[in-house]
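Everything below concerns the one structure shown next.
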Amino acid sequence: MRPHRPGVRPTSLAVAVEATNRALAAHAGGIEVIELQDAAAGREAVVRFTGMCTGCAFKPMTLAATVEPMLTGVDGVTAVRALGGRADPEAMARARRFVAS
Amino acid sequence: MIGDIAVFDNVVHLHDMSDANLLATAPGAQRSRELALGLGEALRPLHGDPEPYDVAIGAERMGRQVFDHSPTDLAMAQVVPIFDWFENWWAPVELNASFRDAYPDRAFFCGGVDPGWKGLTAALEHLEWQVRDLGAVSVKFYNGHQDGRTWRCDDEKVAYPVFEKARELGITVLQFHKGFPFGLTPVEETRPNDLQRAARDFPDLQFLVHHLGIPYLDETVNIAARWPNIHLVLSANLCFTPIQPRLVQTQLGRLLFEVGVDKLMWGSEAGLAGPPAPYLRAFMDLEIPEDLRLGYGYPQITHEDKRKILGENFARLMGVTLPTQPLPPVVHPSERAA
Numbered sequence: 036m037r038p039h040r041p042g043v044r045p046t047s048l049a050v051a052v053e054a055t056n057r058a059l060a061a062h063a064g065g066i067e068v069i070e071l072q073d074a075a076a077g078r079e080a081v082v083r084f085t086g087m088c089t090g091c092a093f094k095p096m097t098l099a100a101t102v103e104p105m106l107t108g109v110d111g112v113t114a115v116r117a118l119g120g121r122a123d124p125e126a127m128a129r130a131r132r133f134v135a136s
Numbered sequence: 031m032i033g034d035i036a037v038f039d040n041v042v043h044l045h046d047m048s049d050a051n052l053l054a055t056a057p058g059a060q061r062s063r064e065l066a067l068g069l070g071e072a073l074r075p076l077h078g079d080p081e082p083y084d085v086a087i088g089a090e091r092m093g094r095q096v097f098d099h100s101p102t103d104l105a106m107a108q109v110v111p112i113f114d115w116f117e118n119w120w121a122p123v124e125l126n127a128s129f130r131d132a133y134p135d136r137a138f139f140c141g142g143v144d145p146g147w148k149g150l151t152a153a154l155e156h157l158e159w160q161v162r163d164l165g166a167v168s169v170k171f172y173n174g175h176q177d178g179r180t181w182r183c184d185d186e187k188v189a190y191p192v193f194e195k196a197r198e199l200g201i202t203v204l205q206f207h208k209g210f211p212f213g214l215t216p217v218e219e220t221r222p223n224d225l226q227r228a229a230r231d232f233p234d235l236q237f238l239v240h241h242l243g244i245p246y247l248d249e250t251v252n253i254a255a256r257w258p259n260i261h262l263v264l265s266a267n268l269c270f271t272p273i274q275p276r277l278v279q280t281q282l283g284r285l286l287f288e289v290g291v292d293k294l295m296w297g298s299e300a301g302l303a304g305p306p307a308p309y310l311r312a313f314m315d316l317e318i319p320e321d322l323r324l325g326y327g328y329p330q331i332t333h334e335d336k337r338k339i340l341g342e343n344f345a346r347l348m349g350v351t352l353p354t355q356p357l358p359p360v361v362h363p364s365e366r367a368a
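In order, the protein sequences belong to chains A and B. If you read the first sequence in this note's numbering, its first letter stands for residue 36, the second for the next number, and so on. If you read the second sequence in this note's numbering, its first letter stands for residue 31, the second for the next number, and so on.
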C-alpha cells in the first residue's frame, strides 16, 4: 500500500523559494524548483541552481546551509536535492552538523 | 555491453600518420608525428595490440579494436582536420566516413572542418559535403594551431558562420579539441575559454569539450558547470586509469561534485590508444577512495554514474537508442567479401 505522504502547499513552497532567493541574491545566485518527488517520509524538492550559483564550488554548502533549511521548513518537504554536481553524503552530513552547531 | 551497461564510444580516430600523408617539410611535422607515435607506443603495453601506428588505420582494423576486442556497442569516428602536418589531414574525412560505411549499424561519422585551412567558404562547402553526401551527424573542430593560424570559437566572422551552417544542416552536437596541444603547438592556443560566448550565442547547440582542456582543468570545470549546453568528453582522460588511478579518481570526483554526471561522456581515442578494453575494465573497477570523499566531499561513483558516462549521456544528445541486450558479433568487410 502506498504510504501516506503529506501534501505540499504550493503557496508555502513559493514563499520559501522566494525567501531563499532573496538570501542567495546577495551572491547573484538563486534556485528554482523543478519538481517534487516522493521521498521516504514526504516529498523531495528537486531544485536547480541559477545565476552565479551554477558554477560555484560551494553549492553543496549553500544547499546544506541555506536551501535545505528553508525548503524543509515547508510542511511536507522532507528533503532537497540539487541537479548537477553532488557531494559525498558524509560531507553533506558534516555541513549540516556544522550549520546546526 | 558491460553487464547491463551499453557502451557508446564518443570518439575513435582513423589516423593516417603514414609517410605518404606527412607534409615532411612543414614546420614541426616530423616532431609532431614522433610525439603522437610515442604516445601510441607508451600505451601499447596496456593493450598489446601489435599493429603499427605510422600507417593509415583502416575501417576493419578499427572495427576489430572496438567491436571484437572491446565491449563497445556503438562508436563514432571523428575527423581530425589538422592540416598543419598532414596532406590529407591527420584523420582524413573519407577514411573516417568509411568506418561508418563498414559498420552502418554500429558506427557513426563525425565530420570536421577548419576555416583556417582554405578559408571560410571552403569550410562551409566542405561541411555541407560531409553532412549531405557522407552522412556526418556531428562536427569536430581543432581551432588551435601553430604559427598564428589559430582562430577563436567566439569569432563572429570566422567561427559563427560555421556553427550556423552546421545548424542549418541539422547538426546540433559540435565538438572541440581543447587542451592537449599537438606537437609544438603553443599550449595557450588550446584554452577552452573561447567557448563561453559561443555557447551563450548558440543555446540550441550542444558544445562538447574534449580532454578536460588539460592543462586548463580549472577553466574547463568552471565553464562546464555554468553553461547548460557545454558537456565534457573524457577522451583519453579515462585511459590514464590503469596508469594513474589516483589522478583519474581526483579528476572524476571533482567532475561529479562540480559539473554533475549528466554532462560526462566516455571517449576511447581508439586507434592511437589501441583497443579500449583495458581502459573500460579499469574504469568499471574505479572507485572514489574514502580520503577524497571525506577530504574533498567528492561523491562515490555509482553503477548508474558509469552507465550514464559510458553511453546514456551521449546517446541522449545524439538521439540514439542504446541496445538493451548484447549485440551479435559484427561481420567485418573482409568476411562479407568472402
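For every residue, glycine included, the Cβ atom is placed at its ideal position computed from N, Cα and C.
Span separating the alpha-carbon of residue i from that of residue j
{"i": "B:W119", "j": "B:F344", "result": "26 Å"}
{"i": "B:L73", "j": "B:K208", "result": "21 Å"}
{"i": "B:D248", "j": "B:T215", "result": "21 Å"}
{"i": "B:D292", "j": "B:H261", "result": "9 Å"}
{"i": "B:Q236", "j": "B:P258", "result": "9 Å"}
{"i": "A:V115", "j": "B:D321", "result": "26 Å"}
{"i": "A:R78", "j": "B:V217", "result": "49 Å"}
{"i": "B:A153", "j": "B:F113", "result": "13 Å"}
{"i": "B:A86", "j": "B:H45", "result": "6 Å"}
{"i": "A:T89", "j": "B:D224", "result": "19 Å"}
{"i": "B:E317", "j": "B:R284", "result": "13 Å"}
{"i": "A:Q72", "j": "A:T113", "result": "10 Å"}
{"i": "B:R78", "j": "B:L69", "result": "This sequence places Gly at residue 78 of chain B; Arg is not what is there. Straight-line Cα distance between these residues: approximately 14 Å."}
{"i": "A:L118", "j": "A:I66", "result": "10 Å"}
{"i": "B:A127", "j": "B:D335", "result": "31 Å"}
{"i": "B:C183", "j": "B:H175", "result": "13 Å"}
{"i": "B:P353", "j": "B:Q95", "result": "20 Å"}
{"i": "A:P38", "j": "A:E70", "result": "In this prediction, A:P38 has a pLDDT of 48, which is less than 50 and means its spatial position is unreliable; what the coordinates show is noted afterwards. Straight-line Cα distance between these residues: approximately 19 Å."}
{"i": "B:I201", "j": "A:M127", "result": "40 Å"}
{"i": "B:T250", "j": "B:F210", "result": "13 Å"}
{"i": "B:D315", "j": "B:R337", "result": "13 Å"}
{"i": "B:F97", "j": "B:D234", "result": "33 Å"}
Beta-carbon gap between residue i and residue j smaller than 9 Å
{"i": "B:V167", "j": "B:F206", "result": "no"}
{"i": "A:A99", "j": "A:V52", "result": "no"}
{"i": "B:L204", "j": "B:V169", "result": "yes"}
{"i": "B:H43", "j": "B:L302", "result": "yes"}
{"i": "B:D84", "j": "B:S48", "result": "yes"}
{"i": "B:A266", "j": "B:E219", "result": "no"}
{"i": "B:A228", "j": "B:A189", "result": "yes"}
{"i": "B:Y309", "j": "B:P272", "result": "yes"}
{"i": "B:P275", "j": "A:D123", "result": "no"}
{"i": "A:V102", "j": "A:L48", "result": "no"}
{"i": "A:G120", "j": "B:V289", "result": "yes"}
{"i": "B:R179", "j": "B:G213", "result": "no"}
{"i": "B:L282", "j": "B:I244", "result": "no"}
{"i": "A:V68", "j": "A:A80", "result": "yes"}
{"i": "B:I253", "j": "B:Q279", "result": "no"}
{"i": "B:M106", "j": "B:A137", "result": "yes"}
{"i": "B:V37", "j": "B:L242", "result": "no"}
{"i": "B:W296", "j": "B:L347", "result": "no"}
{"i": "B:F193", "j": "B:F232", "result": "yes"}
{"i": "B:G142", "j": "B:A121", "result": "yes"}
{"i": "B:M92", "j": "B:Q355", "result": "no"}
{"i": "B:R130", "j": "B:F139", "result": "yes"}
{"i": "B:D135", "j": "B:P306", "result": "no"}
Residue span of the alpha helix (DSSP H) that contains residue i, given as start and end
{"i": "B:L164", "result": "B:L164 -> no alpha helix (DSSP H), and no H or E assigned at all."}
{"i": "A:A135", "result": "124-135"}
{"i": "B:E64", "result": "59-77"}
{"i": "A:T55", "result": "45-59"}
{"i": "B:M106", "result": "Careful: B:M106 lies outside any alpha helix (DSSP H), inside the beta strand (DSSP E) at 104-108."}
{"i": "B:G327", "result": "Per DSSP, B:G327 belongs to no alpha helix (DSSP H) and is neither H nor E."}
{"i": "B:E194", "result": "190-198"}
{"i": "B:V251", "result": "247-256"}
Host beta strand (DSSP E) of residue i (start-end)
{"i": "B:H261", "result": "260-265"}
{"i": "A:T113", "result": "112-117"}
{"i": "A:T97", "result": "Where A:T97 is concerned, there is no enclosing beta strand (DSSP E), although the alpha helix (DSSP H) it sits in stretches over 94-97."}
{"i": "B:W369", "result": "Lying outside 31 to 368, the shown extent of chain B, residue 369 of chain B is not represented and no answer is given."}
{"i": "B:L204", "result": "203-207"}
{"i": "B:L310", "result": "B:L310 -> not in any beta strand (DSSP E); alpha helix (DSSP H) instead, spanning 307-315."}
{"i": "A:K85", "result": "Reading the sequence as shown, one finds Thr at residue 85 of chain A and not Lys. Here the beta strand (DSSP E) through A:T85 covers 78-86."}
{"i": "B:D39", "result": "38-42"}
{"i": "B:L238", "result": "236-240"}
Near the ligand ADP: residue i beta-carbon under 8 Å from a heavy atom
{"i": "B:G174", "result": "The ligand content of the structure shown is nil, which means the ligand ADP is not present either."}
inquiry  = Against chain A, which members of the segment 252-285 of chain B pass a CB distance test of less than 7 Å?
reply    = N252, A255, R256
key: Contact list for the segment 313-328 of chain B against chain A, Cβ threshold 7 Å   = R323, L324, G327, Y328
message = Residues of the segment 68-91 of chain A in Cβ contact with chain B at a cutoff of 7 Å, in chain order, please.
response = T89, G90
ask   = Looking at chain A, which residues of the segment 219-252 of chain B have a Cβ within less than 8 Å of any of its Cβ atoms?
value = Within the segment 219-252 of chain B, the residues whose Cβ lies closer than 8 Å to some Cβ of chain A are N252, listed in chain order.
ask   = Between the segment 100-125 of chain A and chain B, which residues of the former have a C-beta closer than 8 Å to a C-beta of the latter?
value = For the segment 100-125 of chain A, the residues whose beta carbon sits under 8 Å from a beta carbon of chain B are, in order, L118, G119, G120, R121, A122, D123, P124, E125.
inquiry  = Tell me which residues of the segment 337-359 of chain B have at least one Cβ-Cβ distance to chain A shorter than 7 Å, keeping chain order.
reply    = none
task = Pull out every residue of the segment 285-297 of chain B whose Cβ sits closer than 7 Å to any Cβ of chain A, in chain order.
result = From the segment 285-297 of chain B, only L286, F287, E288, V289, G290 have a Cβ closer than 7 Å to chain A.
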